[in-house]
Amino acid sequence: MAGRKRKVQDLAVAAAATHTESGLLLRRNQTELNCRASPAKLKSQPGLCESVQSLEPERSHYFNYNEPQRRLGQDFFSQPCISLAKAFLGKVLVRRRADGSELRGRIVETEAYLGGEDKASHSAGGKRTERNTAMFMKPGTIYVYPIYGIYLCMNVSSEGEGAAVLLRSLEPLLGQPAMRELRAARRKEGARQLKDKELCNGPSKLCQALNIPRCFDRRDLASDPEVWLEDDQNTSPPKPQDIASAPRVGIESHGEWAKKPWRFYLRGHPCVSVVNKEAERLSLSGNETDNVDA
11 MAGRKRKVQD
21 LAVAAAATHT
31 ESGLLLRRNQ
41 TELNCRASPA
51 KLKSQPGLCE
61 SVQSLEPERS
71 HYFNYNEPQR
81 RLGQDFFSQP
91 CISLAKAFLG
101 KVLVRRRADG
111 SELRGRIVET
121 EAYLGGEDKA
131 SHSAGGKRTE
141 RNTAMFMKPG
151 TIYVYPIYGI
161 YLCMNVSSEG
171 EGAAVLLRSL
181 EPLLGQPAMR
191 ELRAARRKEG
201 ARQLKDKELC
211 NGPSKLCQAL
221 NIPRCFDRRD
231 LASDPEVWLE
241 DDQNTSPPKP
251 QDIASAPRVG
261 IESHGEWAKK
271 PWRFYLRGHP
281 CVSVVNKEAE
291 RLSLSGNETD
301 NVDA
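Under the working numbering, the first residue of the sequence shown carries the number 11, and numbering increases by one thereafter.
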C-alpha cells in the first residue's frame, strides 16, 4: 500500500512539472506574439507592452534553466554616454528566442546622444515624453522607438539625464540563417539573398535581424532573460586607434550638433553602416576629431 501511495505521489509531481513547463511555453509564445504586434496596435492597446514587460517567467525546481553567465551587469552601463558608446564596441549582444535558440552579434558601431544639452537627442532640453521615458531611467535601460512608422531602433540609457547610446551595427556571430529569415520577412518577395555583413549593418536592420520588438522598451539590459550583453571571449577589446569617431548619421537638420563626432565604429570593419574615410585617417594618426569627449 505504501508503495502504491508513493507511485501516486510521483505521478502527481510529474504532472505538476509538466503543467508548469507547458504554462511557461505558452506564456513565452504569447509574449513573442505580443512583441510582434505592429506599432499601431501597440499604440491602440497601451496595456499590451506593459503586460509583456511585467511578465516574469514561472520557474519550476524540476527543471534546469541555464542563465547567461558572462552577461555584463549594472556597473558596465553606469558610465558617461560617450564612454559607454565606445565601451559597447566589441561587446556581444545576445537575443534568446522563445524556442531557447540564441542570436548573437558583435557591436561594431554606436552613436552617443547626450541628453538635454544635445539638440539632436530625443531628450533635448530635458523634455520627457511617453516615448523617451526610457532615456531617463537607470543606466542599462533599453529604449526602443519607431522610425518612419514601421522600423525600430534600439538604444541603451547611460549616466546623464536623458542620455542614451544608439546601437547602429552588428557583426553576426550566431544564428545567421534565422537572421536572414527575419530580414527577408520585411523585404520584397524575390529580393536577392543578403550577405552576412548586410544582415545587421544599420539600426533598424539590427532590430529586424535579432527580432527586437517595440515592447522591449524600458526593459533592463542588465537583467532581462531575453536580451543581454556579454564580453567577447574570442577577441581582445579594441584599442583606441581601432576606433573611428565620426559625425552621427541622419541628423543634418540639427546644425552644429550634426557635426559632433559622436558616432563610433571599428575602423575598417565590413559591417559598419557608413564609412568616414577622414575619421579613419584621423584615428590612425592619433588626432581624433575635436570635441569627441565634450
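Where is the CB? At the ideal position from N, CA and C, for every residue including glycine. The structure displayed is predicted, hence computed values, not measured ones.
Exposure of residue i, with buried meaning 16 or more beta-carbon neighbours within 10 Å
i: lysine 96; result: buried
i: aspartate 128; result: buried
i: asparagine 211; result: buried
i: glutamate 288; result: exposed
i: isoleucine 222; result: buried
i: arginine 80; result: exposed
i: leucine 276; result: buried
i: lysine 249; result: exposed
i: glutamine 218; result: buried
i: threonine 245; result: exposed
i: glycine 159; result: exposed
i: lysine 82; result: Lysine is not the amino acid found at residue 82; the sequence shown has leucine there. So leucine 82 counts as buried.
i: glutamate 68; result: Its pLDDT being 35, under 50, glutamate 68 is placed unreliably by the model, and nothing is read from it.
i: lysine 270; result: buried
i: alanine 232; result: buried
i: leucine 176; result: buried
Residue nearest to residue i in terms of C-alpha spacing, selected from the options
i: glycine 265; options: Gly115, Ser131, Ser111 and Lys101; result: Ser131
i: methionine 164; options: Thr139, Leu220, Lys137 and Glu290; result: Leu220
i: alanine 173; options: Arg196, Glu191, Asn142 and Glu199; result: Asn142
i: glycine 100; options: Arg258, Gln243 and Ala201; result: Gln243
i: aspartate 230; options: Gly136, Glu191, Thr120 and Ile152; result: Ile152
i: isoleucine 117; options: Glu290, Arg273 and Leu294; result: Arg273
i: aspartate 306; options: Val166, Gly185, Ile157 and Leu292; result: Since the first residue of the chain shown is 11 and the last is 304, residue 306 is not available in this structure.
i: valine 285; options: Val104, Ala256, Gly260 and Leu176; result: Ala256
i: cysteine 324; options: Pro156, Lys137, Ser263 and Gln89; result: There is no way to answer for residue 324, as the model of the chain reaches only from 11 to 304.
i: glycine 185; options: Val104, Ser283, Gln89 and Leu294; result: Val104
i: glutamine 89; options: Val166, Lys137 and Pro247; result: Val166
Contact check, residue i vs residue j, beta carbons under 7 angstroms
i: arginine 228; j: alanine 108; result: no
i: glycine 278; j: proline 182; result: no
i: proline 187; j: phenylalanine 87; result: no
i: leucine 94; j: serine 168; result: yes
i: glutamate 240; j: valine 154; result: no
i: cysteine 281; j: lysine 207; result: yes
i: proline 213; j: arginine 258; result: no
i: glycine 170; j: glycine 110; result: no
i: arginine 326; j: leucine 180; result: Lying outside 11 to 304, the shown extent of the chain, residue 326 is not represented and no answer is given.
i: threonine 120; j: phenylalanine 98; result: yes
i: glutamate 10; j: arginine 106; result: Nothing in the structure corresponds to residue 10, since the chain is present only between 11 and 304.
i: glutamate 290; j: alanine 268; result: no
i: alanine 122; j: cysteine 91; result: yes
i: methionine 189; j: leucine 209; result: yes
According to DSSP, residues forming a beta bridge with residue i
i: tryptophan 238; result: Val104
i: alanine 174; result: Tyr123 and Ser167
i: proline 90; result: Glu169
i: aspartate 230; result: Thr151
i: alanine 254; result: Tyr275
i: proline 156; result: Leu162
i: glycine 115; result: Leu103 and Pro182
i: arginine 196; result: Paired residue(s): none; arginine 196 is not in a bridge.
i: proline 81; result: A small correction: the amino acid at residue 81 is arginine; proline does not occupy that position in the sequence shown. Answer by DSSP bridge pairing, in chain order: Glu240.
Residue i CB to nearest heavy atom of the ligand NAP below 6 angstroms
i: valine 102; result: The ligand content of the structure shown is nil, which means the ligand NAP is not present either.
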